Every structure is written in structure tokens, then in C-alpha cells.
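Worksheet: the structure to be examined is printed underneath.
There are 2 protein chains.
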Amino acid sequence: MDTQEHPSAPPAGQQRLGAQERLVRSTQELLWERGYVGTSPKAILERAGVGQGSMYHHFSGKSDLALAAIRRTAEDMKAAAEECLAAPGTAYDRVAAYLLRERRVLRGCPIGRMTQDRDVVRSAELRAPLDEMFGWLQERIAEVLTEGVRGGELAAGLDPEAVAATVAAVVQGGYVLARAADDTAPFDAAVRGVLALLASQATGSAPGPAPAAPGPAQAPHGR
Amino acid sequence: MDTQEHPSAPPAGQQRLGAQERLVRSTQELLWERGYVGTSPKAILERAGVGQGSMYHHFSGKSDLALAAIRRTAEDMKAAAEECLAAPGTAYDRVAAYLLRERRVLRGCPIGRMTQDRDVVRSAELRAPLDEMFGWLQERIAEVLTEGVRGGELAAGLDPEAVAATVAAVVQGGYVLARAADDTAPFDAAVRGVLALLASQATGSAPGPAPAAPGPAQAPHGR
DNA sequence: GTCTATATGTGGATAGAC
DNA sequence: GTCTATCCACATATAGAC
Numbered sequence: 001m002d003t004q005e006h007p008s009a010p011p012a013g014q015q016r017l018g019a020q021e022r023l024v025r026s027t028q029e030l031l032w033e034r035g036y037v038g039t040s041p042k043a044i045l046e047r048a049g050v051g052q053g054s055m056y057h058h059f060s061g062k063s064d065l066a067l068a069a070i071r072r073t074a075e076d077m078k079a080a081a082e083e084c085l086a087a088p089g090t091a092y093d094r095v096a097a098y099l100l101r102e103r104r105v106l107r108g109c110p111i112g113r114m115t116q117d118r119d120v121v122r123s124a125e126l127r128a129p130l131d132e133m134f135g136w137l138q139e140r141i142a143e144v145l146t147e148g149v150r151g152g153e154l155a156a157g158l159d160p161e162a163v164a165a166t167v168a169a170v171v172q173g174g175y176v177l178a179r180a181a182d183d184t185a186p187f188d189a190a191v192r193g194v195l196a197l198l199a200s201q202a203t204g205s206a207p208g209p210a211p212a213a214p215g216p217a218q219a220p221h222g223r
Numbered sequence: 001m002d003t004q005e006h007p008s009a010p011p012a013g014q015q016r017l018g019a020q021e022r023l024v025r026s027t028q029e030l031l032w033e034r035g036y037v038g039t040s041p042k043a044i045l046e047r048a049g050v051g052q053g054s055m056y057h058h059f060s061g062k063s064d065l066a067l068a069a070i071r072r073t074a075e076d077m078k079a080a081a082e083e084c085l086a087a088p089g090t091a092y093d094r095v096a097a098y099l100l101r102e103r104r105v106l107r108g109c110p111i112g113r114m115t116q117d118r119d120v121v122r123s124a125e126l127r128a129p130l131d132e133m134f135g136w137l138q139e140r141i142a143e144v145l146t147e148g149v150r151g152g153e154l155a156a157g158l159d160p161e162a163v164a165a166t167v168a169a170v171v172q173g174g175y176v177l178a179r180a181a182d183d184t185a186p187f188d189a190a191v192r193g194v195l196a197l198l199a200s201q202a203t204g205s206a207p208g209p210a211p212a213a214p215g216p217a218q219a220p221h222g223r
């Protein structure tokens, strides 16, 4: 018989993980749903199914735990974006893959959301993962666009850094518009718009197949 | 001699206003700075320089006061945007004026920020002003672009609704990127990018002067 | 109308037992 | 390592005096 006598709350889907890992994952979820100020240690503990002592043993406090969660989320997002941007195809195709990838639009971006949280932005430590993630994203998109320009697929006058920032901004702003409307339509429209503008930068004399005008962008968005 | 005997805290800049108006303005500021969850009645009262009784006399509670503040802010934003979009000039010029207008980028958008607040988005009443404001904005930009297409200034293939959503998203997303970086540069880059893409939609055979390639977008952004 | 006093819950963390 | 008990401050609202 085990000495462990407290399966108090089986945290639905994290049964076989250690307390530390459960704490990080629960925090990731709550930060996404409620933001930093809106997330209390109590809520984290309940979701993770552990007691307070457990949390303060592994982490120095709320901000320390949030730091671990934010870092984890940023890494996850980076990996998801890289999967689209590193795919085979033209530069347009790869940027389109990133823009059209399946997203639960109405939930918003777990990293972008942190940006609206005063306590996060004011802490150099908590802000660092956001800065690093978005910096990387813009550079990576710019790289793809630069390849497109060098390969003759995209117009030589295109400014890769500026358009990369535009692409990243459209996604983040699309979330904002969609949440205001409680409808994914504005997100889809914004993506469609920037893709149409980008498509018109295709030279048509590219090595690869020229991108067709983007369709209605019927990405399978969840709620 | 006046019976009023409590100039307890002169609320810096709102001296001559009634308590109700001071409460609304203080709430507008605090919602912008800290969001809905991060704003306590106590903080509002302190900034407004009034007591609790005063607040609960004019408003039923925090959410009621927030509603008044959000409505006010949405109206203000609408007026500011209309000023740019209704200006004389080509469609490109008017959209550019909106995108390049002076903004305190690192503070973010007071309306867009509400979008990240769970309690706001989940309340139909609190979300309504956001929905209405962003809906109006996108329609208004689309109108301007439609005029540009009809007048032959912009390419006939341009989709005004989609590009309008893109423009609105670039602004909102630009705020997110800038706050993550604690630097206005990503905002400026995103705006520069979308303007360059839009400029390439100009036919060059327009009635008005064809827009020059957008410059470095040295808008006088404050911190 | 506006103020102060009071009430109840929660936020975030510490102490110390097992 | 993990739990429970305890602590103080604050969030939000009500009651009632002036």
C-alpha cells in the first residue's frame, strides 16, 4: 500500500504528471484565459489539484510560476510557427500557411494577450519571452520574404522587414477584432486582405508557380 | 459661504467637474492603464477624489461605471478616426493619415485592450461598444477604399472590406508588437509595410496625384 | 449627493506539521 | 515534497449619518 493518501483532485488530463509540471500547465491555461492579474494562485492550485505548499516549494511565487508558464508557451508558439514557415513551397505559400493555419481565433493569442497585462510588461523578466518570441517571428517571416525576393518570386521593391511586421500585426490585430465582434469573420477578412496585397507583389515570372489570388480563406477555425 | 466642506483631494485636471463626470474620466484612464480586472473601485475613487457613496449613488457598481467609461472612450476614438478618414485627399492619403496619426503607441489602444479582458468580452453589454466601434471603423475604411477603386485611383481587383480589416488589424496588432518589444519600431514597421503594399495598388492613372512610395513613416510617436 | 463605517470574501504569501 | 492553518491587505458592496 502506498503512503500517498491524497488523490484529492484528479486534474483531468494531467494525472500522470508531477506536481511541478501540472502547475506550469495549469498556469499556461489560466494566463491564456484570464491574463496575469486575473489569475490567482488559488485558481492555479485548484486546476492543478495540488496544495499551496507544493507550489511555494517549486516556485518562489506567482510571478516565478508565470515566468515558467510564459516561457513554455512562447516556445510552443515558436515551434508551431516554424512548422508553417519551414514548409516546402514558395515564399507566398509559406507565409500563407502561417496566416491560414488553424487557430482558435476567439481565444486570442496566449502570448499577445500578455502584452495587455501591466504587471507583465513592466517586469523585464516577464516581458523578455514575449519580446524574444515576436522578434524571432518577425525575423523569420522576413527571411522567408527575402528568399522570395531573391528568387524573383516577389517584387524587388518589397521591404521584407516591414511586410513581416505587417503580417505578424495582422494576426495579432485579427484576434482583437474577432474578440470584439465575438466572431472570427474579421480575423479571416484581415488575413484575406493582406494575402491579396501580398499576392499582387508576385512577379509572375517566378521559378515556382505563381500564387493564385487567395481564395475565401475558409480555414477551419474553431471557436 | 458654501456648505461644501470637503475639497479632500483636488483630482488634478478635473477640479471644476461634477463627481459623476470625474468618476467616468478616472475610470477611462484606469481601464486604459490597468484593464477591467485590474481596476478597483477604490483606485477610481482615489483618482476622482470622491468617496464611495458618491460612486454608488450615480452608478450601480463597477461594471455600470465601466460601461459608461467604455462608451465614452469608444465615441472619442470614433471621432478621432473620422477626422483622419474624412480629410481631403486621395483614398490612399486618407488611410495613410489614419495609420500615421499621432498615437502613444506603447500605451496601446484603450478599446482594443478591453478585448483581452474576460469580464468585458463575456458581458454582452460591455462588449457592445467595442463591437460597434470596430465595426464602424472597418466599414468606414472600406468606404474610403471603395471610393478609391471607383475613382480609378486603386486597382479594381482590390477587396475593400478585406483590406479595411487588414488596416484595422495592423494598427491593433502593431500595438501588441510594440508593447512586447517596449519599442514603437514594430508598430511603425507594420504600418510602413501595409502602406507600401497598398501603394502598389495605385493605378498611377488616377485623377488625383499618385501616392509616392511611403517614406520612413517618421510619425511623432510619444512614449 | 456625498461621506464614513462596516461586512464578507479573496489575493498572495508564511509557518510548520506530516 | 506536500498538506493545512494562519496572516494581513485589498476588492466590492451595503448601511446609514450628514
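Top line first, the protein sequences correspond to chains Y and H. Note that UniProt numbering has the first sequence beginning at 1, numbered continuously upward. Note that UniProt numbering has the second sequence beginning at 1, numbered continuously upward. Don't be surprised by glycine CBs; every beta carbon is placed ideally from N, CA and C. Only a predicted model underlies this, so the values are computations on that prediction, with no experimental measurement involved.
- Fully contained in the stretch 128-194 of chain Y are the following alpha helix (DSSP H) runs of length 4 or more, in chain order: 160-181.
- Excluding its 5 nearest sequence neighbours in each direction, Asp119/Y has C-beta neighbours in its own chain below 8 Å: Tyr36, Val37, Ser63 and Leu126, listed in chain order.
- According to DSSP, Ala202/H shares a beta bridge with Leu154/H.
- Uninterrupted alpha helix (DSSP H) stretches at least 4 residues long and entirely within the UniProt domain "HTH tetR-type" (17-77) of chain Y occur at 19-34, 41-48 and 52-58, given in chain order.
- Close partners of Arg179/Y in chain H (Cβ separation under 7 Å): Thr115 and Val121.
- One alpha carbon belongs to Thr115/H, the other to Ala79/Y, and they sit about 26 Å apart.
- Per DSSP, the continuous alpha helix (DSSP H) segment holding Arg94/Y begins and ends at Ala91 to Leu100.
- The way I'd put it, the stretch 161-170 of chain H doesn't touch the stretch 100-109 of chain H; fewer than three beta-carbon pairs between them come closer than 8 Å.
- Ala124/Y carries a helical assignment under DSSP once its states are collapsed to helix, strand and coil.
- The DSSP-derived three-state label of Gly112/Y is helix.
- For Met133/H, at least one C-beta of chain Y is nearer than 9 Å to its own C-beta.
- Around Glu33/Y, the beta-carbon contacts reaching into chain H at under 9 Å are Arg118.
- At a cut-off of 9 Å between C-beta atoms, Ala168/Y counts as an interface residue with respect to chain H.
- A distance below 9 Å separates the beta carbons of Leu177/Y and Phe134/H.
- If you check the CB distance, Ala68/Y and Val24/Y come in under 9 Å.
- Proximity of chain Y to Asp76/H at the Cβ level (cut-off 9 Å) is not reached, the minimal Cβ distance being about 16 Å.
- Under the three-state reduction of DSSP output, Ala81/Y falls in the helix class.
- Taking every protein chain shown into account, the CB of Tyr92/Y has 16 or more other CB atoms within 10 angstroms, so this residue is buried.
- Selection Leu99/Y, Thr73/Y and Arg71/Y evaluated against Cys84/Y yields Leu99/Y as nearest (Cα-Cα).
- When CB distances to chain Y are screened at a threshold of 9 Å, the residues of the stretch 193-206 of chain H falling below it are Gly193, Val194, Leu195, Ala196, Leu197, Leu198, Ser200 and Gln201, in chain order.
- One thing to note: Gln28/H has its Cβ within 9 Å of the Cβ of Pro110/H.
- Contact annotation: Val191/Y and Gly174/Y have beta-carbon atoms nearer than 9 Å.
- Residue state for Ala196/H is assigned as helix, using DSSP reduced to three classes.
- By the rule that beta-carbons nearer than 9 Å mark a contact, Pro110/Y does not touch chain H.
- Apart from sequence neighbours up to five positions away, the residues of its chain that approach Thr73/Y with a beta-carbon distance below 7 Å are Gln28, Pro110 and Ile111, ordered along the chain.
- A Cβ-Cβ separation of about 33 Å leaves Ala202/H out of contact with Leu130/H under the 8 Å criterion.
- With fewer than 16 other beta carbons inside 10 angstroms of its own, Ser40/Y counts as exposed.
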